[in-house]
Amino acid sequence: MPIITLTTDFGNDDPFDGVIKGVILNICPQANIVDLTHNISPQDIYQANFLLDSCYQYFPKKTIHVCVVDPGVGTKRRPILIQTKGYFFIGPDNGVFTSIIKKEKNIKIIELTEKKYWLKNVSQTFHGRDIFSPVAAHLASGVNVKNFGKSINKENLVKLQTTKPIKNKNRITGIIQYIDHFGNLITNIPNDFTYKKLTGKVKDIDFQGLVWCFALGNSKKLTAIHGSSGFIELFINKGNAAKITGIKTRDKVDVKYNL
Amino acid sequence: MPIITLTTDFGNDDPFDGVIKGVILNICPQANIVDLTHNISPQDIYQANFLLDSCYQYFPKKTIHVCVVDPGVGTKRRPILIQTKGYFFIGPDNGVFTSIIKKEKNIKIIELTEKKYWLKNVSQTFHGRDIFSPVAAHLASGVNVKNFGKSINKENLVKLQTTKPIKNKNRITGIIQYIDHFGNLITNIPNDFTYKKLTGKVKDIDFQGLVWCFALGNSKKLTAIHGSSGFIELFINKGNAAKITGIKTRDKVDVKYNL
Amino acid sequence: MPIITLTTDFGNDDPFDGVIKGVILNICPQANIVDLTHNISPQDIYQANFLLDSCYQYFPKKTIHVCVVDPGVGTKRRPILIQTKGYFFIGPDNGVFTSIIKKEKNIKIIELTEKKYWLKNVSQTFHGRDIFSPVAAHLASGVNVKNFGKSINKENLVKLQTTKPIKNKNRITGIIQYIDHFGNLITNIPNDFTYKKLTGKVKDIDFQGLVWCFALGNSKKLTAIHGSSGFIELFINKGNAAKITGIKTRDKVDVKYNL
Numbered sequence: 008m009p010i011i012t013l014t015t016d017f018g019n020d021d022p023f024d025g026v027i028k029g030v031i032l033n034i035c036p037q038a039n040i041v042d043l044t045h046n047i048s049p050q051d052i053y054q055a056n057f058l059l060d061s062c063y064q065y066f067p068k069k070t071i072h073v074c075v076v077d078p079g080v081g082t083k084r085r086p087i088l089i090q091t092k093g094y095f096f097i098g099p100d101n102g103v104f105t106s107i108i109k110k111e112k113n114i115k116i117i118e119l120t121e122k123k124y125w126l127k128n129v130s131q132t133f134h135g136r137d138i139f140s141p142v143a144a145h146l147a148s149g150v151n152v153k154n155f156g157k158s159i160n161k162e163n164l165v166k167l168q169t170t171k172p173i174k175n176k177n178r179i180t181g182i183i184q185y186i187d188h189f190g191n192l193i194t195n196i197p198n199d200f201t202y203k204k205l206t207g208k209v210k211d212i213d214f215q216g217l218v219w220c221f222a223l224g225n226s227k228k229l230t231a232i233h234g235s236s237g238f239i240e241l242f243i244n245k246g247n248a249a250k251i252t253g254i255k256t257r258d259k260v261d262v263k264y265n266l
Numbered sequence: 008m009p010i011i012t013l014t015t016d017f018g019n020d021d022p023f024d025g026v027i028k029g030v031i032l033n034i035c036p037q038a039n040i041v042d043l044t045h046n047i048s049p050q051d052i053y054q055a056n057f058l059l060d061s062c063y064q065y066f067p068k069k070t071i072h073v074c075v076v077d078p079g080v081g082t083k084r085r086p087i088l089i090q091t092k093g094y095f096f097i098g099p100d101n102g103v104f105t106s107i108i109k110k111e112k113n114i115k116i117i118e119l120t121e122k123k124y125w126l127k128n129v130s131q132t133f134h135g136r137d138i139f140s141p142v143a144a145h146l147a148s149g150v151n152v153k154n155f156g157k158s159i160n161k162e163n164l165v166k167l168q169t170t171k172p173i174k175n176k177n178r179i180t181g182i183i184q185y186i187d188h189f190g191n192l193i194t195n196i197p198n199d200f201t202y203k204k205l206t207g208k209v210k211d212i213d214f215q216g217l218v219w220c221f222a223l224g225n226s227k228k229l230t231a232i233h234g235s236s237g238f239i240e241l242f243i244n245k246g247n248a249a250k251i252t253g254i255k256t257r258d259k260v261d262v263k264y265n266l
Numbered sequence: 008m009p010i011i012t013l014t015t016d017f018g019n020d021d022p023f024d025g026v027i028k029g030v031i032l033n034i035c036p037q038a039n040i041v042d043l044t045h046n047i048s049p050q051d052i053y054q055a056n057f058l059l060d061s062c063y064q065y066f067p068k069k070t071i072h073v074c075v076v077d078p079g080v081g082t083k084r085r086p087i088l089i090q091t092k093g094y095f096f097i098g099p100d101n102g103v104f105t106s107i108i109k110k111e112k113n114i115k116i117i118e119l120t121e122k123k124y125w126l127k128n129v130s131q132t133f134h135g136r137d138i139f140s141p142v143a144a145h146l147a148s149g150v151n152v153k154n155f156g157k158s159i160n161k162e163n164l165v166k167l168q169t170t171k172p173i174k175n176k177n178r179i180t181g182i183i184q185y186i187d188h189f190g191n192l193i194t195n196i197p198n199d200f201t202y203k204k205l206t207g208k209v210k211d212i213d214f215q216g217l218v219w220c221f222a223l224g225n226s227k228k229l230t231a232i233h234g235s236s237g238f239i240e241l242f243i244n245k246g247n248a249a250k251i252t253g254i255k256t257r258d259k260v261d262v263k264y265n266l
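Protein chains in written order, with this note's numbering: chain F, 8 to 266; chain B, 8 to 266; chain Z, 8 to 266.
Shown next, in the form of structure tokens:
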């Protein structure tokens, strides 16, 4: 069964994702539709970019990843389809695929222009339902990538300014790029297993690390650990670090490695 | 694979919908179960009626739509199965299918009375698990509609008093019938593409429109747009209109079309 | 299609469960993955134990139930696989399967040690993704239980101290063990259909019962009913009893049966 994943900012209250599944199954009854998440913060294309990049490679080859975080829906922003060596990505050309495009070589990009693969009536507010999902379903049914529109150049795509950590001797400065459901603070500083010990600060809050597992963290103070998404995480053992410290996404993180 | 959708007020915290899926798969292992939404406001049969009506036609023909918004569970309210030209609906006879019954011609209605298609032990508080889902699963497995109980008349069904907009020359008065996750305010005034310009008021808050897409809306003031569910929507560009304005479901909307 | 259910404390905001589905489908493309719930309170192994126990038997025989409520991830707590007569359970050996182990006879338990069934890179913070789901997927693909590790003894498993109600003549003292989305208060006192009438107290709040269905409950006062999970529930008709009364999980419940 072809797999189609959904990454959106729809939340869980409305039936928007349910309707999208109806549209897909109408065209491709054998599709296996997986919710990656529907809880991207409304219109937050940076968050969508980060989460898609963290997750897409865990899926089987040929998976079609659809992203509907689309504040520019109905404007001239282009609907696109990206084919990499292993995967397909469908969504708006607004930067949500920035990290994937940087990472993947040999990609093919199509601007979706062929209306026969869309729903008959296209609204100006819900291209997730009217364009992206029917295209995903036709692709899953075997339609060739080149049939969906005209090829465009990688250089022409909208790209986000992503923040890279800055390294200076044994110091690294980064940011908090994501906060998860447990209140764990995921930085943009990659795990580096050559380091064992570090100290650091977010605003005026100190942290120490690295510990091997959550249970070894301090239950009152911020502790650092190698996170499961490939970046250093800050946490409080059995506590919600975000709530307790008030630290927010995009706050600056200063790390000092004790080599 | 036969498709069964679920529309409930269970929320996402409890395993009620998970259990329903277990019950269905026990009877019909090949069923493809799709969550339409589990976040109908508790006991809100008006909201369930609106959302079901907006969504059911996006699914493939023969889809079985199960609705469990059922404050009268355990009372004499009847469990019913409705067959329309294209779809099946299963749930309580409490009005949740009002708009569908109005719209669809040639419908067949069965009161669910045949206990051999229910779970063995029927609780008095969870017919979603004990009656509606096993019936849906048996139907998906090929059991004929007439086997589930006795035929009843359309006229005998419970119907909700739904509010229709009132038109008077170039004025229309309606209500806010639904507020989505983004805080967009969906009225009960149908999109009408012969109109281009309008002004209006909800309580003492003015709005203008129509704009072509969200990005063209004002980021401080309420703006009107043709919504994707077929009704005029009011929104604030990149803002949560419901939170910012305090407008609630069932608030009155006055529109003046500038023809 | 083999069925794998997921019970976690991931919440619905992050793509953790989405990634797990990718991992499973990579190994076992034909798996039918069902979310039981992702909203166990963070690290609440008591709640996980209660909900798993209430739900697992509604699924078809051979269903694989995966539980990832795992505050001890990365410590020496063992990853385990339990085979009962009808089902499989995979998760941490931290007590989440306590009630199932008590209820089921003839169980086989394996400590997961065979790394060839895990992801290549095992993080110290996300064994749900790196160990439990790949093992579940290999099991669903037909790998024999004994291949995953070495057999261990039932007596060696971590068990939770669960609170049983205390009976004394016509009085029973129990606790609130779970509060659902509707605010209904589920006690740990089993339904007993030989009783018809009871009165009781939680803290200083009185309740009466039993009523046949929710609609017969008082809309201002707490009422008792035989709950659908097999335990006495306290509710307020069309109201949120938990919010209105302030009653919390683990509060004491005193019941007096009027025989």
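Glycine residues also receive a C-beta, built at the ideal position from the N, C-alpha and C atoms.
Proximity below 8 Å, CB of residue i to CB of residue j
i	j	result
Z/T105	Z/T12	no
B/I10	B/L59	no
B/L192	B/I254	yes
F/T82	F/T44	no
B/G29	Z/Y65	yes
F/L217	F/H233	yes
Z/S61	Z/D16	no
B/G190	B/V260	no
B/E121	B/N154	yes
Z/S135	Z/I27	Checking the sequence shown, residue 135 of chain Z turns out to be Gly, not Ser. Yes.
Z/S181	Z/N195	Sequence check: residue 181 of chain Z is Gly here, not Ser. Yes.
F/N244	F/N265	no
B/E230	B/F242	First, the amino acid is wrong: residue 230 of chain B is Thr here, not Glu. In contact: B/T230 and B/F242 (Cβ atoms closer than 8 Å).
Burial state of residue i, where buried means 16 or more other Cβ atoms lie within 10 Å
i	result
Z/S158	exposed
F/F133	buried
F/N39	buried
B/N33	buried
B/R257	exposed
Z/D187	buried
B/D100	buried
B/N128	exposed
Z/Q131	buried
DSSP state of residue i mapped onto helix, strand, coil
i	result
B/D42	strand
Z/T192	Per the sequence shown, the amino acid found at residue 192 of chain Z is Leu instead of Thr. DSSP places Z/L192 in strand when its eight states are reduced to three.
B/P99	strand
B/T169	coil
Z/I52	helix
Z/I186	strand
Z/E111	coil
Z/P60	Per the sequence shown, the amino acid found at residue 60 of chain Z is Asp instead of Pro. Of the three classes helix, strand and coil, the one that applies to Z/D60 here is helix, per DSSP.
F/D199	coil
Z/R257	coil
B/K263	strand
F/V152	helix
Z/I239	strand
Straight-line gap, residue i to residue j (C-alpha atoms, nearest Å)
i	j	result
F/D77	F/Q50	6 Å
F/N247	F/E240	13 Å
F/N163	B/P141	53 Å
Z/V103	B/K109	49 Å
Z/K203	Z/F57	26 Å
F/L4	F/Y124	Chain F is shown from 8 up to 266; residue 4 of chain F falls before or after that span and cannot be answered.
Proximity test, residue i beta-carbon vs the ligand GTP heavy atom, cut-off 7 Å
i	result
Z/S61	The model depicted lacks the ligand GTP and carries no ligand whatsoever.
Report task. Give, in chain order, every residue of the region 14 to 28 of chain F whose Cβ lies closer than 9 Å to some Cβ of chain B. Result -> Those would be D16, F17, G18, N19, D20, D21, P22, F23, D24, G25, V26, I27, K28, in chain order.
Query raised in the report: Which of the residues in the region 229 to 245 of chain B, read from start to end, lie with their CB under 8 Å from any CB of chain F?
Result: Closer than 8 Å at the C-beta level to chain F, one finds these residues of the region 229 to 245 of chain B: I232, H233, G234, S235, E240, K245.
Report task. With 8 Å as the C-beta to C-beta threshold (strictly closer), list the residues of the region 67 to 84 of chain B near chain Z in chain order. Result -> P78, G79, V80, G81, T82: these are the residues of the region 67 to 84 of chain B whose beta carbon lies less than 8 Å from some beta carbon of chain Z, given in chain order.
Query raised in the report: In the region 207 to 229 of chain Z, which residues sit with their C-beta less than 8 Å from some C-beta in chain B, listed in chain order?
Result: Per Cβ criterion, the list reads W219, C220, F221, A222, L223.
Report task. Give the residues from the region 33 to 44 of chain B that approach chain F closer than 8 Å (Cβ to any Cβ), ordered along the chain. Result -> Residues of the region 33 to 44 of chain B with a Cβ closer than 8 Å to any Cβ of chain F, in chain order: N39, V41, D42, L43, T44.
Query raised in the report: Name the residues in the region 45 to 57 of chain B whose C-beta lies less than 7 Å from a C-beta of chain Z; which are they?
Result: Hits within the stretch, in order: P49, Q50.
Query - Under 7 Å (Cβ pairs) to chain F, residues found in the region 112 to 133 of chain Z - result: Answer set for the region 112 to 133 of chain Z: S130, Q131, T132, F133.
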